[in-house]
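As you go down the protein sequences, you meet chains A and B in turn.
The first sequence begins at 6 in this note's numbering and counts up one residue at a time.
The second sequence begins at 27 in this note's numbering and counts up one residue at a time.
Just so you know, even glycine gets a beta-carbon here, dropped at the ideal spot from N, CA and C.
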Amino acid sequence: MSTKPWFSNLKCRECGRLYEKEAIHICEFDFGPLEAAYDYDAIREVFTRELIESRPQTMWRYRELLPIDGEPTVGTQVGFTPLVKADRLAKALGIRELWIKNDSVNYPTLSFKDRVVSVALSRARELGFKVVACASTGNLANSVAANAANAGLKSYVLIPSNLEQGKVLGSLVYGTNVIGIKGPYDQVNRLCSEIAGKYGWGFVNVNLRPYYAEGSKTMGFEIAEQLGWKLPRHTVVCMASGSLLTKLHKAYKEFIDLDIVEKSDFSIHGAQASGCSPISTAFKAGTEMVKPVQNPDTIAKSLAIGTPADGYYAIRSMKETGGSCEDCTDEEIVEGIKLLAETTGIFAETAGGVTVACARKLIESGKIPSDESAVLCITGHGLKTQEAIIGKVGEPRVIGPSLREFEALVADEVGTKN
Amino acid sequence: MPIVRIPTPLRKLTNNLEEVTVSGATLGVVLDELNAAYPGLSERIVDENGVIRRFVNIFVNDEDVRFLQEKETPIQEADVVSIVPAIAGG
Ligand SMILES: Cc1ncc(COP(=O)(O)O)c(C=O)c1O
Ligand SMILES: [Zn+2]
Chain A
6 MSTKPWFSNL KCRECGRLYE KEAIHICEFD FGPLEAAYDY DAIREVFTRE
56 LIESRPQTMW RYRELLPIDG EPTVGTQVGF TPLVKADRLA KALGIRELWI
106 KNDSVNYPTL SFKDRVVSVA LSRARELGFK VVACASTGNL ANSVAANAAN
156 AGLKSYVLIP SNLEQGKVLG SLVYGTNVIG IKGPYDQVNR LCSEIAGKYG
206 WGFVNVNLRP YYAEGSKTMG FEIAEQLGWK LPRHTVVCMA SGSLLTKLHK
256 AYKEFIDLDI VEKSDFSIHG AQASGCSPIS TAFKAGTEMV KPVQNPDTIA
306 KSLAIGTPAD GYYAIRSMKE TGGSCEDCTD EEIVEGIKLL AETTGIFAET
356 AGGVTVACAR KLIESGKIPS DESAVLCITG HGLKTQEAII GKVGEPRVIG
406 PSLREFEALV ADEVGTKN
Chain B
27 MPIVRIPTPL RKLTNNLEEV TVSGATLGVV LDELNAAYPG LSERIVDENG
77 VIRRFVNIFV NDEDVRFLQE KETPIQEADV VSIVPAIAGG
């Protein structure tokens, strides 16, 4: 791979001002988020399906469209998770064709966050950081902790103190510094925003945000490649800050602009939990003014961001692509987790339950027409949020090690042999 | 006097000060006073119509002013006003 400067600048999404590729994340003039900008003409000359296909099956096969200067050094094996055809779930939801993008088996920490962390920490090293950190609803903390451990970087992860045990242990085990903050995620965010500048740390979702965010595009690139170099007609994805949704949009647009895929209609739909649905509430009210939720209350803790930084742009992306937005209750989330597991063999965390439950509503209401095709993005693994379903998926039936007891138990369920 | 905490991207305008003190009975007045002391600061925080910019969060003692009275939020002598940029997901 060459190290031509494909990645040229940071650019304000609001006013378009250009900035150097440093550890900065907002425009000094309007606080607009800075985003990675590329030399697309240079990329177009080399970036082809053949080139991509010739590379290892990881997210880095799209490296020309990722914001680092040299070769990736952290998370080089992340990505290229399975895209699974889900015929039984399609039938249950009443749609012609359905696919699951299964990031619940992303490497190494079982959520899509390994994608963003791989980019953020590779960039953190290029920028000379020795300590990395994040504010997290759980999954990001797990991924920063694991990838930093592997890279030999010191890490601090700040999380709300009431997260699921799987998420807490899934950070502690890597020997990181886990700091629980009393209060909801938005307070963790505020604190991190204030300490980020102070200690000279690389905060993956604060001063490294422009690099972090771009990592999410690789989910979109992979979906298009795995569909045989085609864009999906519909994509459904859950939202916390809304960043992932906006980056799927950017990924599809980049593939069209670079002639990697043919231009075709695509719609991106957002999913939230009703207990914290600032983006969906604004979308349904027909406004782009996202009103923060002060006290999120949902079992989908990974999505419980009351002040979503990319809410505004997520609404724009949904509108621009003819997408729509839904939200669902805690009961519907559990039903979604169960339905996905029973029809596809995929065990999703609560965020995945949100995606499935909202997809069901979008199909039922015709916003996703039943004769079309959709991809559901499953972004995290169910073993991390066991609390959400304990007692709701039944209990094992316990018997002695006796053939008679077993036969009594299954007598009504199976026919006799032969 | 109330303390205003200045985020890193705006410190070029406050001679690198992290905190400044300004008087004012409401947030709106505090922002005006801030601008008098450090010209150009307030236009970064509010738009042409005087509305707090989309990507700026302002907290008075840990409480988002959008849950209080926005620019009309009363400010007490011992209050801490924090200007905080939005953060990506987690
Ligand atoms: C499992 C999972 N899915 C989706 C998201 C949403 O990400 P975003 O903040 O980019 O909307 C998160 C964020 O923490 C998450 O943990
Ligand atoms: Zn700008």
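### Task
May I ask you to check if the CB of A:Arg-22 is nearer than 7 Å to at least one heavy atom of ligand 2?
Residue 22 of chain A sits at position 17 when you count from the first residue of the first sequence. True, at least one ligand heavy atom lies under 7 Å from that Cβ.
### Task
Could you name the residues of chain A that B:Pro-111 contacts, counting a contact when the two beta carbons are closer than 9 Å?
Position 85 of the second sequence, counted from the first residue, corresponds to residue 111 of chain B. Those are His-30, Ile-31, Phe-36, Pro-38, Ser-198, Val-211 and Ala-314, listed as they occur along chain A.
### Query
Can you name the residues of chain A whose CB is closer than 7 Å to the CB of B:Val-55?
Taking the second sequence and counting its residues from 1, the one referred to as residue 55 of chain B is at position 29. Under the 7 Å cutoff, chain A gives no residues; its nearest Cβ is about 21 Å from B:Val-55.
### Query
Under the three-state reduction of DSSP, which class applies to B:Ile-109: helix, strand or coil?
As a working mapping, residue 109 of chain B is identified with position 83 in the second sequence. Of the three classes helix, strand and coil, the one that applies to B:Ile-109 here is strand, per DSSP.
### Query
Taking only beta-carbon atoms, is A:Ala-290 less than 8 Å away from chain B?
Your numbering for residue 290 of chain A matches position 285 in the first sequence. No, because no Cβ of chain B sits closer than 8 Å to the Cβ of A:Ala-290.
### Message
I want to see whether chain A comes within less than 8 Å of B:Asp-90, judged by CB atoms only; does it?
### Response
Position 64 of the second sequence, counting from 1, holds the residue named residue 90 of chain B. By this cut-off, B:Asp-90 is an interface position.
### Query
Taking Cβ-Cβ distances below 8 Å as the criterion, which residues of the segment 7-25 of chain A are in contact with chain B?
Glu-19
### Task
Compare the beta carbon distance of A:Ala-356 and A:Leu-345 with 8 Å and say whether it is the shorter of the two.
As a working note, residue 356 of chain A is residue 351 in the first sequence. As a working note, residue 345 of chain A is residue 340 in the first sequence. Contact: no.
### Query
Applying a beta-carbon distance threshold of less than 8 Å, which residues of chain A neighbour B:Leu-36?
Numbered from 1 along the second sequence, position 10 holds the residue referred to as residue 36 of chain B. Those are Glu-33, listed as they occur along chain A.
### Message
What does the Cβ neighbour count give for A:Gly-405, buried or exposed, with the cut at 16 atoms within 10 Å?
### Response
Indexing the first sequence from 1 puts residue 405 of chain A at position 400. It is exposed - the Cβ of A:Gly-405 has fewer than 16 other Cβ atoms within 10 Å.
### Query
Using a C-beta cutoff of 8 Å, does B:Gly-115 count as contacting chain A?
Indexing the second sequence from 1 puts residue 115 of chain B at position 89. Cβ-Cβ to chain A under 8 Å: yes for B:Gly-115.
### Message
Please identify, using Cβ separations under 8 Å, the residues of the segment 248-274 of chain A that lie next to chain B, in order along the chain.
### Response
Ser-248 and Leu-249
### Query
Less than 8 Å separating the beta-carbons of A:Ile-186 and A:Ser-166?
Mapped onto the first sequence, residue 186 of chain A falls at position 181. Mapped onto the first sequence, residue 166 of chain A falls at position 161. Yes, Cβ-Cβ distance for A:Ile-186 and A:Ser-166 is below 8 Å.
### Message
One question on the structure: do A:Thr-312 and A:Asp-191 come within less than 8 Å of each other, judged by their Cβ atoms?
### Response
Locating residue 312 of chain A in the first sequence gives position 307, where the first residue counts as 1. Locating residue 191 of chain A in the first sequence gives position 186, where the first residue counts as 1. A contact, by the Cβ cut-off of 8 Å.
### A:Glu-19 Cβ short of 7 Å to ligand 2 heavy atom set
Start at 1 with the first residue of the first sequence, and residue 19 of chain A comes out as number 14. Checking every heavy atom of ligand 2 against the Cβ of A:Glu-19, one is found closer than 7 Å.
### Those residues which DSSP pairs with A:Tyr-161 across a bridge
In the first sequence, the residue the question calls residue 161 of chain A occupies position 156. Answer by DSSP bridge pairing, in chain order: A:Ala-138 and A:Asn-182.
### Task
Assign A:Pro-10 to buried or exposed, taking buried as 16 or more other Cβ atoms, counted over all protein chains shown, within 10 Å of its Cβ.
Here residue 10 of chain A is taken as the residue at index 5 of the first sequence, counted from 1. So A:Pro-10 ends up on the exposed side.
#### Entry: Within 8 Å, strictly: CB atoms of A:Asn-210 and A:Ala-28
For the purposes of this step, residue 210 of chain A is taken as residue 205 along the first sequence, with counting starting at 1. For the purposes of this step, residue 28 of chain A is taken as residue 23 along the first sequence, with counting starting at 1. Taking 8 Å as the Cβ cut-off, A:Asn-210 and A:Ala-28 do not qualify as a contacting pair.
### Query
Taking 7 Å as the cut-off, does the CB of A:Cys-281 come closer than this to any heavy atom belonging to ligand 2?
Position 276 of the first sequence, counting from 1, holds the residue named residue 281 of chain A. No, Cβ of A:Cys-281 sits at least 7 Å from all heavy atoms of ligand 2.
### Nonlocal neighbours in the same chain, by C-beta distance under 7 Å from A:Val-298, ignoring five residues either side
Translated into positions along the first sequence, residue 298 of chain A becomes position 293. Closer than 7 Å at Cβ, skipping near neighbours: Cys-281, Pro-283 and Gly-311.
### Contacts around A:Glu-69, its chain only, beta-carbon distance under 6 Å, and the 5 residues preceding and following it disregarded
Counted from its first residue, the first sequence places residue 69 of chain A at position 64. Contacts found: Trp-11, Ile-48 and Phe-52.
### Task
Can you give me the Cβ contacts of A:Gly-328 inside the same chain, cut-off strictly under 6 Å, excluding the 5 residues immediately before and after it?
For this step, residue 328 of chain A is matched to residue 323 along the first sequence. Cβ within range, chain order: Ser-272, Ile-273 and His-274.
### Message
Count Cβ pairs between the segment 222-239 of chain A and the segment 172-186 of chain A that sit closer than 8 Å; are there 3 or more?
### Response
no
### Task
Name the residue from A:Lys-296, A:Gln-62 and A:Asp-119 whose alpha carbon lies nearest to the alpha carbon of A:Val-79.
On the first sequence, residue 79 of chain A is found 74 positions in, with the first residue counted as 1. The residue with the shortest Cα to Cα distance from A:Val-79 is A:Asp-119.
### DSSP state of B:Arg-31 mapped onto helix, strand, coil
Start at 1 with the first residue of the second sequence, and residue 31 of chain B comes out as number 5. Secondary structure at B:Arg-31: strand, using DSSP grouped into helix, strand and coil.
### Query
Where DSSP assigns a beta bridge to A:Tyr-43, which residues make up the other side?
Your numbering for residue 43 of chain A matches position 38 in the first sequence. For A:Tyr-43, which the question treats as bridged, DSSP gives the partners A:Phe-12.
### Message
Can you list, in chain order, the residues of its chain with a C-beta nearer than 7 Å to that of A:Phe-85? Leave out the 5 residues immediately preceding and following it.
### Response
Here the question's residue 85 of chain A lines up with position 80 in the first sequence. These residues qualify, in order along the chain: Gln-62, Thr-63, Met-64 and Glu-227.
### Query
Between the C-alpha atoms of A:Cys-333 and B:Thr-99, what's the straight-line distance to the nearest angstrom?
Along the first sequence, read from residue 1 onward, the residue named residue 333 of chain A stands at position 328. Along the second sequence, read from residue 1 onward, the residue named residue 99 of chain B stands at position 73. B:Thr-99 has its alpha-carbon roughly 34 Å from the corresponding atom of A:Cys-333.
### Query
Using a Cβ cut-off of 8 Å, which residues of the segment 77-101 of chain B contact any Cβ in chain A, in chain order?
Arg-79, Arg-80, Phe-81, Val-82, Asn-83, Phe-85, Asp-88, Asp-90, Arg-92 and Phe-93
### Query
What span of residues does the alpha helix (DSSP H) with A:Asp-262 cover, start to end?
Here residue 262 of chain A corresponds to residue number 257 of the first sequence, with the count starting at 1. Element bounds for A:Asp-262: 248-262.
### Query
Does DSSP classify A:Cys-32 as helix, strand or coil?
If you number the first sequence from 1, residue 32 of chain A lands on position 27. Correct three-state label for A:Cys-32: coil.
### Query
Does the segment 134-142 of chain A touch the segment 189-209 of chain A, meaning 3 or more C-beta pairs lie closer than 8 Å?
yes
### Any non-hydrogen atom of ligand 1 within 7 Å of A:Cys-333 CB
Position 328 of the first sequence holds residue 333 of chain A. Flag unset: Cβ of A:Cys-333 not near ligand 1.
### Message
Using the Cβ count rule (16 or more neighbours within 10 Å means buried), how would you classify A:Asn-423?
### Response
One-based indexing of the first sequence puts residue 423 of chain A at position 418. Per-residue confidence for A:Asn-423 stands at a pLDDT of 47, beneath the threshold of 50, marking its modelled position as unreliable; the derived number appears in the next sentence. So A:Asn-423 counts as exposed.
### Query
Mapping DSSP to helix, strand and coil, what is B:Asn-41?
In the second sequence, counting from the first residue as 1, residue 41 of chain B sits at position 15. Three-state DSSP puts B:Asn-41 in coil, outside helix and strand.
### Query
Taking any Cβ of chain B, which residues in the segment 155-189 of chain A have a Cβ under 7 Å from it, in chain order?
none
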